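Here's the structure, in structure tokens; my notes come after.
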Amino acid sequence: MAATYKVKKGDSLWKIANKYDTSVTNLKKLNNLKSDTIKPNQVLTVSKSTKTVSSVSTAKNTSTTKTYTVKKGDSLSKIANTYKVTVANLKSWNHLKSNIIYPGDKLKVSKPNSTTTQPKTPAAKPASPKPSTPAKSPTPPVAGTTYTVKSGDSLSKISKDFGVSIAELKKLNKLTSDMIYVGQKLIIKQQAGQTTTPPPKVDTPAGLDTSFSAKKVIDEAKKLVGIPYVWGGSTLNGFDCSGFIYYVYNNAGLSLPRTSSEGYYSRSYYVTKSPQQGDFVFFTDTYKSGISHLGIYIGNNQFIHASSDGVQLSSLDNSYWKSHFDGFKRLYEAE
1 MAATYKVKKG DSLWKIANKY DTSVTNLKKL NNLKSDTIKP NQVLTVSKST KTVSSVSTAK
61 NTSTTKTYTV KKGDSLSKIA NTYKVTVANL KSWNHLKSNI IYPGDKLKVS KPNSTTTQPK
121 TPAAKPASPK PSTPAKSPTP PVAGTTYTVK SGDSLSKISK DFGVSIAELK KLNKLTSDMI
181 YVGQKLIIKQ QAGQTTTPPP KVDTPAGLDT SFSAKKVIDE AKKLVGIPYV WGGSTLNGFD
241 CSGFIYYVYN NAGLSLPRTS SEGYYSRSYY VTKSPQQGDF VFFTDTYKSG ISHLGIYIGN
301 NQFIHASSDG VQLSSLDNSY WKSHFDGFKR LYEAE
């Protein structure tokens, strides 16, 4: 027998979906709803008596390479989770340079068969040996070298290029966070006998306050806990999820445009290792298909966001958020 729920005053599809560990899309489909509007005393079906089939079909276990055709609302993380592989595997097997996929794309979801016999070709005559040219690599810094930050750089990338640790870079340049920006000059290596000095002054790019830091983002966000949810809201009278991001970051010293969750998704890149405080947390298929919600990561597997119940702290261990989790992302530091 299907489970049902009687709508109470103050309920919303989002709130009911969260309570019953389902999605708004599924509730609307089960109840033939054409909008998100519900009324008190309305009886909603919240689950079927039989198990629903996952939107990502399980591929048959065959010896050939498995493939999957992308459907609306899919993401690499969702497909990777279904087929018990990693996002990195999917990108490697399908030669993807980003996490963007489109409905209709056919993806390899298992390791390509490497035993295919290639046609034999006559052996070519060996060419005259030439001196091998070593692969280009970043020029190691000389003592006291500085580096000017370019578009797309991050402390992690610079530390790998020059063989120094992130901690050392932050110490040499007296950085209190991992935020860097285009045009900034960083000390890469200290001269022998030289004492640490502040990095050379450069003009701060438009929109970035010198006092901006992840700590300030968290502090500003926590001040707003309890403020109610308002669709399209971006003021102290009420916030939606993207309006909350807009307000917090601008008050923390980083000028961001007022955009949607998808807009902030496109202005950021995936964090492949441990997330940091102040990173974005994105979710899919909440009240609509695809990227549909975001919050700010505050550490210890918790995030702060503007939900249907207002600004609040939530845990990524919660079954609802865990099932809709897409990934951690970080703003492009050069923007």
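In the UniProt record's numbering, the protein residues as written are 1 to 335. The beta carbon of each residue, even a glycine, is placed where N, CA and C say it ideally should be. All figures in this text were calculated on a predicted structure; none of them were measured in a lab.
query: G238 and G73: beta carbons closer than 8 Å?; result: no
query: Report the CB separation of V281 from V225 in whole angstroms; it is logged as a contact under 8 Å.; result: No, V281 and V225 are not in contact; Cβ-Cβ is about 16 Å, not under 8 Å.
query: Which residues in the same chain have their Cβ closer than 6 Å to the Cβ of Y320, if we skip the five residues on either side of it in sequence?; result: N18, D21
query: DSSP state of K78, grouped into three classes?; result: helix
query: Give me the Cβ distance between C241 and H293, rounded to the nearest whole Å; I'm assuming they're in contact under 8 Å.; result: 5 Å
query: Of all the beta strand (DSSP E) runs that stay within the bounds of the region 279 to 333, which reach a length of 3 or more residues?; result: 280 to 284, 291 to 299, 302 to 307, 310 to 315, 325 to 331
query: Would you mind reading off the limits of the beta strand (DSSP E) that contains K34?; result: Premise fails: K34 is in no beta strand (DSSP E) and is neither H nor E.
query: Would you kindly work out how many angstroms separate the C-alpha atoms of Y332 and Y270, rounded to a whole number?; result: 10 Å
query: Tell me the DSSP bridge mates of G73?; result: Paired residues: none, contrary to the question.
query: Taking the alpha-carbon positions, what's the D219 to L107 distance?; result: 42 Å
query: Tell me, please, which residues DSSP counts as bridged to G238.; result: T235
query: So what does T65 bridge to, in DSSP terms?; result: DSSP output for T65 lists no bridge partner at all.
query: Under the DSSP definition of a beta bridge, which residues are partnered with T148?; result: K185
query: Taking the C-alpha atoms as reference points, what is the distance between S110 and I101?; result: 17 Å
query: Should A88 and V46 be called a contact, given that it needs their Cβ atoms to be closer than 8 Å?; result: no
query: Could you tell me which of N81, D105, L44 sits nearest to T67, measuring between CA atoms?; result: D105
query: Please report the distance separating the alpha-carbon of T286 from that of I166.; result: 36 Å
query: When DSSP labels each residue in this structure, what does V46 get in the three-state scheme?; result: strand
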